[in-house]
Structure formats: structure tokens, C-alpha cells
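From first to last, the protein sequence lines are chains Z, F, R and U. Residue 7 is where the first sequence starts when you use the numbering used here, and the numbers rise one by one after that. Residue 7 is where the second sequence starts when you use the numbering used here, and the numbers rise one by one after that. Residue 7 is where the third sequence starts when you use the numbering used here, and the numbers rise one by one after that. Residue 7 is where the fourth sequence starts when you use the numbering used here, and the numbers rise one by one after that.
There are 4 protein chains.
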Amino acid sequence: MEYRNATTAVIGAGDFIGAAIAKKFASEGFTVFARRRHGDKLAPLVGEIEAGGGRIVGRSLDARKEEEITAFLQDADATAPLEVCVFNIGANVNFPLLETTERVFRKVWEMACYAGFLTGREAARLMLPRGRGNIFFTGATAGMRGGIGYAAFASAKFGLRAVAQAMARELGPKNIHVAHLIIDAGVDTEWVRQRRLEALGPGALDNPDLLMPPASVAASYWQLYQQPKSAWTFELEIRPFGEKW
Amino acid sequence: MEYRNATTAVIGAGDFIGAAIAKKFASEGFTVFARRRHGDKLAPLVGEIEAGGGRIVGRSLDARKEEEITAFLQDADATAPLEVCVFNIGANVNFPLLETTERVFRKVWEMACYAGFLTGREAARLMLPRGRGNIFFTGATAGMRGGIGYAAFASAKFGLRAVAQAMARELGPKNIHVAHLIIDAGVDTEWVRQRRLEALGPGALDNPDLLMPPASVAASYWQLYQQPKSAWTFELEIRPFGEKW
Amino acid sequence: MEYRNATTAVIGAGDFIGAAIAKKFASEGFTVFARRRHGDKLAPLVGEIEAGGGRIVGRSLDARKEEEITAFLQDADATAPLEVCVFNIGANVNFPLLETTERVFRKVWEMACYAGFLTGREAARLMLPRGRGNIFFTGATAGMRGGIGYAAFASAKFGLRAVAQAMARELGPKNIHVAHLIIDAGVDTEWVRQRRLEALGPGALDNPDLLMPPASVAASYWQLYQQPKSAWTFELEIRPFGEKW
Amino acid sequence: MEYRNATTAVIGAGDFIGAAIAKKFASEGFTVFARRRHGDKLAPLVGEIEAGGGRIVGRSLDARKEEEITAFLQDADATAPLEVCVFNIGANVNFPLLETTERVFRKVWEMACYAGFLTGREAARLMLPRGRGNIFFTGATAGMRGGIGYAAFASAKFGLRAVAQAMARELGPKNIHVAHLIIDAGVDTEWVRQRRLEALGPGALDNPDLLMPPASVAASYWQLYQQPKSAWTFELEIRPFGEKW
Chain Z
7 MEYRNATTAV IGAGDFIGAA IAKKFASEGF TVFARRRHGD KLAPLVGEIE
57 AGGGRIVGRS LDARKEEEIT AFLQDADATA PLEVCVFNIG ANVNFPLLET
107 TERVFRKVWE MACYAGFLTG REAARLMLPR GRGNIFFTGA TAGMRGGIGY
157 AAFASAKFGL RAVAQAMARE LGPKNIHVAH LIIDAGVDTE WVRQRRLEAL
207 GPGALDNPDL LMPPASVAAS YWQLYQQPKS AWTFELEIRP FGEKW
Chain F
7 MEYRNATTAV IGAGDFIGAA IAKKFASEGF TVFARRRHGD KLAPLVGEIE
57 AGGGRIVGRS LDARKEEEIT AFLQDADATA PLEVCVFNIG ANVNFPLLET
107 TERVFRKVWE MACYAGFLTG REAARLMLPR GRGNIFFTGA TAGMRGGIGY
157 AAFASAKFGL RAVAQAMARE LGPKNIHVAH LIIDAGVDTE WVRQRRLEAL
207 GPGALDNPDL LMPPASVAAS YWQLYQQPKS AWTFELEIRP FGEKW
Chain R
7 MEYRNATTAV IGAGDFIGAA IAKKFASEGF TVFARRRHGD KLAPLVGEIE
57 AGGGRIVGRS LDARKEEEIT AFLQDADATA PLEVCVFNIG ANVNFPLLET
107 TERVFRKVWE MACYAGFLTG REAARLMLPR GRGNIFFTGA TAGMRGGIGY
157 AAFASAKFGL RAVAQAMARE LGPKNIHVAH LIIDAGVDTE WVRQRRLEAL
207 GPGALDNPDL LMPPASVAAS YWQLYQQPKS AWTFELEIRP FGEKW
Chain U
7 MEYRNATTAV IGAGDFIGAA IAKKFASEGF TVFARRRHGD KLAPLVGEIE
57 AGGGRIVGRS LDARKEEEIT AFLQDADATA PLEVCVFNIG ANVNFPLLET
107 TERVFRKVWE MACYAGFLTG REAARLMLPR GRGNIFFTGA TAGMRGGIGY
157 AAFASAKFGL RAVAQAMARE LGPKNIHVAH LIIDAGVDTE WVRQRRLEAL
207 GPGALDNPDL LMPPASVAAS YWQLYQQPKS AWTFELEIRP FGEKW
């Protein structure tokens, strides 16, 4: 592997999408800074990437704390220039309106929107002096459409999309590529599989084409990273070929 | 005036749009519950409405406090059935990304989105047992487009729009009309006039057709209220005829 | 009835929406010029409006012929100033892609889009010298979303929406209100009832709240007509309260 | 070069975008079938591709004639399986509404929308039996927004987008990737350069970052082609990093 003098930060390096992104960018020679609420859960990912010759630093981080995000990104940037920053924290919940507590509404926003704003702003602060960089946000169908039961989640995802748009318009002309990836499908995780089984019955998983493989999300981020600055995409929607939309 | 046995709550009854809405619904016989951060500033509005024979109750209220919103709407509903609830709190700010503090980002969200969620949910809680009601949210261009400098404001307005959508889809079939009014123009207020003069120079106000009169916003809300349930509008965009879009 | 010195032209005055619009504007004192492919079918509508004291002129017209549209609108305008022009021709068809013939694709476009362009342009030509007027287009869900089987119909409806947008932006500052009404539901017609029964079985019509009454569409057009020029709506979406969206 | 047993058809292989697409896919080993209104103008492109070892067949074709499109695509498919079909005919015109003749409106639609429908349908007819293929449409800002003077062009581009959507929803589950590429910028062509100079004066071209290089459009199509079927993009927007949006 040819190492790059560059870091990729992944805020929200969970078991699925975030881990796939970390693996992809590590395999391309980036030093990956991976953050998770409980950093000890990163051990398998760290092990796997290092076994493959990749470089990764795992961290515990409460992304709702401004100073922790700032420190995390500064550490990444001190190791090697922060070239890519991916914000990937989800907080998918569904409650009937009257059962959506103020606590849930606030917490989902703090995780899925507020933390994204802090991440993007601090990444921009590090990238602007160098006049280059990439800041990517993981969006979802709920960022485009407020469905029943999604007052909290959709509100946060809509809010994150607005942050991404405002950043893209301000930072694009300064050579920082801001993008918002809309995953318009369920991602293939154990949790999604269980929910589908519960909701739709035993046949729910018969069609493997309806779930999005985490590696395909990572591949999409890699495509965004490779785009020439003369043809950047801000919003990229992806869905499996069998998905209804 | 023929009085109705019904209240209209206006959360965000400032000097302009909110006051116009209060006046319109009071003139149609509703008892208006008007809320403002500093309730004493409501005195002129209360005076004007009462002078015209209307009924209005003014209150101080911090809309970011769940228990205050709950109490306010319950008081309104105890006076007469809460038939219309308008959430009209704005929080228009513009800062370059790096100068958007976490405090501003959070406060704008609390005022323009979180308070709207609380308002809508509590209004729904009172309306659902009766199987009727109207919950209206004041939106803005920034709820559709995240422009430069609007990371905080657009994020909150996008988030409010998502709340409104999720509520409309859940509550519509239960005969509660949820609508989101997009004012795609500057509203004719002293503050907007000053900003335009500063930004565009002395001629900025020469074209009176580019600012939205508060009374026209109130008229739009009245149109929404009058729609038969067989033809409800969720999202209503309005702009002055001379506005570019 | 108080008559107005003004005409309302309805291009596409079929049995349902178009007829309801004609009745509404006639009842408000307009002289209505109603056009239908086969003008003799207008007899019942003419009879009903005249029995109610209204004024209406029915005409046969092939809306795909430029000279016929021009003559029709000129005749209306010669009778009394053309104040409102409603384009309401539908052409809802659904075919699998491979079975969508070039003939169908072209004909649907000619009826639902091309005729709308001609109508709008000729109405504008008559209204511009007077500096006032209203040009309204009936849109549909298919104007926002190209669903399976709707290559022809959605393409025409998307195209009509673009025409309406371009006209609204150009004519609005000249005091001509151009609007696009999106009926996001099936309209309550015999044809729609039959299709629903065929597609969904005997219970398909049990919920009366899912079909849009033609009179409610007419009421929406009347709301658009009444808007002050300081708060015009370009795009108005309406759906019955029980509709899923 | 490693040749593939596959053809790429380019309908609208003009001097800029279309030629760049042809060159890219030829360089990747496809046999390219390039179509242009006046096929003799393809000579330089054919020469360039063949000089580089690529394979290309140039043809004259009136894309508004169903039988010519059918024959062209059948010829391509008879040479090697039609794997990629790109519809790239533009027809950008701008006229004030009253000066938009019915002839212009119809012709622009025939070139930019109707021909796209025919192309997509005939490509699908060839691809469906094999259960694979890619059908790509070149869109534009005008496909999303009907600006002043664009009644004809935007209407055609909106219509094309609807065709693409309906096709994508029907054909996606059958393993045919339908995509709509939105080029949200002027493309760097002599014609666009001249128009900008005329409209904006001598400095109009000082910022090279505002025009989209044709090769970048081709690169975007190549990215779409490479997407795994588990993460397809339907709509891909691209713009140069310096573009305002």
C-alpha cells in the first residue's frame, strides 16, 4: 500500500456504513481517524484495517460536545492534513407524534444535526487555510420527506441537509467539496433486517436487492472524492436497483 | 362582531406578521391568545384589538420551555376550544460559517424549530380528542434553500418544515389541517427595510412591490383556514408579484 | 347576480373540474367562455348555468390548433375583457414503456402541454396591454413525479409545469397572476371511480375522503383569483384530508 | 486497448459533450455508435478516436424520426450488444413568451424530449431481453426550473426528466440503469463563450471555473456506468466548484 500524507476523519464509525468508509479510505492509503461514542467498540475495525496494512486511529468521542470534536479533528490534522471528513451519525427513531418526547426530539437533533454542524464547521476551519478538502454528510430519505412518525428524525436530517447546502455554497468556491449523500434505502444491517422481519413478516428479506450494502455506500463516497473540481456533485442519491421510489 | 366559541393561539405575536394574524382572527370573532417573549410589548396590539371589539389575551412566554407552551395552550383551550394554532417565531440570522457559534446555532434551532415542534405537538394533543383543528407554521425561503451564511437559520427552518410534514401526514386523516406557509419574500418590517437599505443603497425601497405586507400573510392564513377538508393545502408559497424567484 | 364586465375562459370544460370552474366563475358574475373538443356536449352545462342566471358561451375547439385557440380567446376578449384563463385539459393515460407508441406520446403532449403553452401565450397577449389578468393551469401529481407507466402523461404534465413557471416569472412583475394548481389526488369522476374499483376491488370507494370533489377544485381556483397581488401563490397543492402522500 | 464486445450509442454526438462521451467510452474499449444530424461533421471525431485505436461508427440521423432511431440502435446492437445508450441532444433557446412561436416550441420538444423518449424506449427494447443495460439522459438546470424566456426549452427538459423518471422506476428492477445527469452550469463551448461575452461583457470569461469542461461530463457518465447495481444514482447533478447555485 502506498500511504498518503493525509487523514480521513469518520465521525460515526459504527459497525456498518462508517466502518466500510473507514476501510475504503484506509485501503487507499489514508490514515483514518475513526470516532465512535464508545471507542472500545472500534477494536475489531482497527484490527481488521491494521491487519490489511492500513493506518487507523480509533477514539471515543461524544460528538455533541464542541470541544471534543474540535480536539478530535485537530489531532487528525496534526497527524497529517485532514483531506476528507465524513459525518455519518444516524439517529433513526420513529414515534407517533404525541409520544415523541422533547428529550428524544432534542437528542436526535444533537446527534444527527448539531454534531454535523460542529463537525463541518471545524473541518472547514482546518481546510480553509490550505484551500482544499472534502466534507461529506450522510443523508437519508428522511432528509427529503417527513413521513409519519419521523418528526424527530426527519427534522434533524432536514436540518443537516440545510447545513450541508449552506456550507457547499460558501466553501465550494474556496475549493472545498461539500457533498450530501442520500441513501434512499435501508442499509443492510442486523438492526434493519430485524425491523423488516418484524414489520413485514418472514418473507421480508427474500429480495436481497432491497438493502444497501455498506461497502456500496463507501464506494459512493470514493466516487465523490474522485470527482474533479470542474464537475462536483453536491447531492448524490443512491438506491439499490430493486428499490421502489 | 359575532364571537365564536373558539380560540386562536399565536405563538410569536411580534409587531408584524404575528400581530396581523392576531388582528385578522380576532376580527373574525376568535378569542386570540397571543404570546410573545416579553408580553408587555403586546399592550398596543391588545389595545388595538379590544378597541375594535375583539377579544385577546396577551402572555409572556418562553417558547423554548415545554411546560410554558403546554400551559399556554391549555389556558387557551380552557377559555374556548383551540381551533387554530399558528407558530410564527422567526430567528433570522446570517453569519459566515466559521463565525456561527454553537450558541447561535442552538438558540436559533430552539426558537425556530424546537419550539415549533412543542407547539404543534401540544396543539395536536388538545385537538385530537375533538377530531378537528388547524395547526399552521410560518416558513420561509430559508426552509427550502440553505444559502450562504444561513447554516443556523436554514437548518432550523428546514427542520421545522420536516416537523410540519410529519404532522400533516399523521394528523390530516384525523381531520386536523396542518399547513406550512412559505413566505418567499422579505416581509415589510422596519428591520427588513433597514437591512435592505444597508445592503442595496438608497434605492432599495423604491419598489414597494418587493416587500410582503403583514396583512397579506394574515389573509393567506385565513384562506388556509377556510379551505374545505376535501381540498387542503399543506404547503402554500406566497410572494409579492414583483418578487424575483 | 351582479354581472362583471369580464370573461373567464375555460379551455377543457369537461364534465367535472372544468364544468365546476365554469359554474363557480359564472356564479360570481363572469361571462364564461367554455371550450370543449365536442362543443355539443356543453349543452347541459350551458343549460345549468343559464338557468341560474349566469352567462356562458360554449364552443367546440381543437385546442391543438393555434388559430382556433387564438380565435376563441379573442372572441372571449371581444365580449368583455379576458380576466381569467384556465387551462384544464387532461390526458391521463398509463402504458408500459414498450407499449407507449409515438402517437400516444405525441398526442398526450399536444393536448396537455402544447395546447397549454398556446393558451397561456395567447391569453398573455390579450392581457399584457391592459396590465392585468390571471392565467391558471391545472396540474397533477404526475407533474411532479414520473411514475411507472406515465412516460407520456408525466412528460406532458412536467412540460406544462415548466411553461407555467416560465410564464409566472416573466408575467408576474407585469401584474398577471400565473398559477399552477396541483391536484394531488384522484378527482371524483365516474372514470376514476371505475378505475379504482377495477384496481382495488369492491371496497375501493368506501372512503369518500380520498377523492377530490370538482367543486373543491373550483373553490381553490377562486381562492387563487382572490389573492392580493402582494401575496400571490404560484404553485398550489391540494389534496383531500384522507389522502396519503 | 482491450476491446469489449459491447456498443455505446451516443445520440447527439456534437462537438462538445457528445464527442467527449464518445471518446471516453471508445477509450474504454466500447464500439461507439455516434449519431449527429449531419453525419459528415463527425469526421474529425471519427478520425481522432480511430487514431487512438478506438472503434467508432458515425451516422447521420434525424432523431425526430422513429424509424431512424430504431434502425440506428438496432444496427449498434447487431454489431455488439448495446450496453450504454446516451441521449444528449440539446436545443437551448431563449425567447420572450410572446415571441416563442408554435414552431419553435414544437421543434425544441421534438429534439430534446420526444427524441429522448424514442431513444430510451428503443434502447430498452433491445436491453430488456438480456436483462442489463444503461440508459443515460443529459439534463440541465432548465429541467428543474422554468426561467424567464425558457418556456420552450424548459418545457422540453422537464418533459425529458419525466420520461427518465418513469423509465428508471420501471426498468431499474429489471437491471437497467436509467440516469439523468443534470449539468448545472454552462458547458465550455464556443457558443456559450460567445453568449457570455455578449451578455456579461469582456470580463465574462475571466473565471475559468464557471464553465463545465466536456471531458468532465464524460467522466461523470463513466462514474454512473461504473456504479454497482446495489447503489445506483438516478439523478446526478454536477457543477464546477466556482458555480453559484
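C-beta: ideal position from N, C-alpha, C; glycine also.
Collapsing the DSSP output to three states places Z:GLU243 in a strand.
F:ASN11 sits exposed, since fewer than 16 C-beta atoms from the chains shown fall within 10 Å of its C-beta. Distance check between F:HIS183 and each of F:ASP190, F:LYS163 and F:VAL92 places F:VAL92 closest, using alpha-carbon atoms only. Secondary structure of Z:TRP238 (DSSP, three-state): strand.
Per the coordinates, the alpha-carbon of U:ARG42 lies some 37 Å from the alpha-carbon of Z:ILE189. Excluding its 5 nearest sequence neighbours in each direction, F:VAL110 has C-beta neighbours in its own chain below 8 Å: VAL99, PHE101 and ALA158, listed in chain order. Taking C-alpha positions only, U:GLU89 is separated from U:ASP81 by approximately 13 Å. Two segments are said to touch when three or more pairs of C-beta atoms, one from each, lie closer than 8 Å; by this definition the segment 217–230 of chain R touches the segment 230–242 of chain F. The beta carbon of R:ARG199 lies closer than 7 Å to those of LEU211 in the same chain, with the five residues before and after it left out.
Judged by DSSP secondary structure, Z:GLU89 falls outside any alpha helix (DSSP H) and instead within the beta strand (DSSP E) spanning 88–93. In the displayed model, U:LEU67 falls within coil according to three-state DSSP, outside both helix and strand. Unbroken beta strand (DSSP E) runs of no fewer than 3 residues, entirely contained in the segment 172–249 of chain R, are found at 182–189 and 241–244, following chain order. Residue environment: R:TRP115 is assigned as buried (16 or more neighbouring CB atoms within 10 Å of its CB, all protein chains considered). Residue pairing by DSSP leaves R:ALA32 without any beta bridge partner. The continuous beta strand (DSSP E) containing R:PHE39 extends over residues 37–42. The Cβ neighbour count for R:LYS30, taken over all protein chains shown within 10 Å, is at least 16; the residue is labelled buried. Looking at the DSSP output, Z:ILE17 sits in a beta bridge with Z:ARG41 and Z:PHE93.
In the structure shown, Z:GLY126 falls within a helical segment according to DSSP collapsed to helix, strand and coil. Taking a Cβ-Cβ cut-off of 7 Å, U:GLY145 has no neighbours in chain R, whose nearest Cβ is about 12 Å from it. Interface criterion not met: the Cβ of U:ALA97 is under 9 Å from no Cβ in chain R. Taking 9 Å as the cut-off between beta carbons, the residues of the segment 145–169 of chain Z near chain F are ALA148, GLY149, ARG151, GLY152, GLY153, ILE154, GLY155, TYR156, ALA157, ALA158, PHE159, ALA160, SER161, ALA162, LYS163, PHE164, GLY165, LEU166, ARG167, ALA168 and VAL169, in sequence order. A buried status is given to R:GLY149, since no fewer than 16 other beta-carbon atoms sit within 10 Å of its beta-carbon. Taking a C-beta distance under 9 Å as the contact criterion, U:LEU124 and R:GLU105 do not qualify as a contact pair.
Counting along the chain, the unbroken beta strand (DSSP E) around U:ILE141 starts and ends at 139–146. Of the residues assessed, F:ASN213 falls on the exposed side of the cut-off, its CB having fewer than 16 other CB atoms within 10 angstroms. Measuring C-alpha to C-alpha distances from Z:ARG136 to each of Z:ARG201, Z:LEU177, Z:VAL38 and Z:TYR156 identifies Z:LEU177 as the nearest.
Per the C-alpha coordinates, the member of U:TRP197, U:ARG151 and U:ALA130 positioned closest to U:ALA174 is U:ALA130. Shown here for U:TYR231: same chain residues with a beta carbon closer than 7 Å to its own, the five before and five after excluded, namely VAL90 and ASN140 in chain order. Taking U:PHE247 as reference, the option from U:GLY59, U:GLU241, U:GLY192 and U:GLY207 with the minimal CA-CA separation is U:GLY192. Annotated as proximal: Z:ALA28 and Z:THR14, with beta-carbon spacing under 9 Å. C-alpha of Z:GLY18 to C-alpha of U:VAL16: approximately 42 Å in a straight line.
In this structure, the beta-carbon distance from Z:GLN233 to U:SER66 does not fall below 9 Å. At a beta-carbon threshold of 8 Å, the residues of chain Z lying near F:GLU72 are GLU108, ordered along the chain. Secondary structure at R:ILE154: coil, using DSSP grouped into helix, strand and coil.
Apart from the 5 residues on each side of it in sequence, U:VAL52 sits with its Cβ closer than 7 Å to the Cβ of ILE62 and GLY64 in its chain, given in chain order. R:ARG10 sits in coil when the DSSP states are folded into three classes, being neither helix nor strand.
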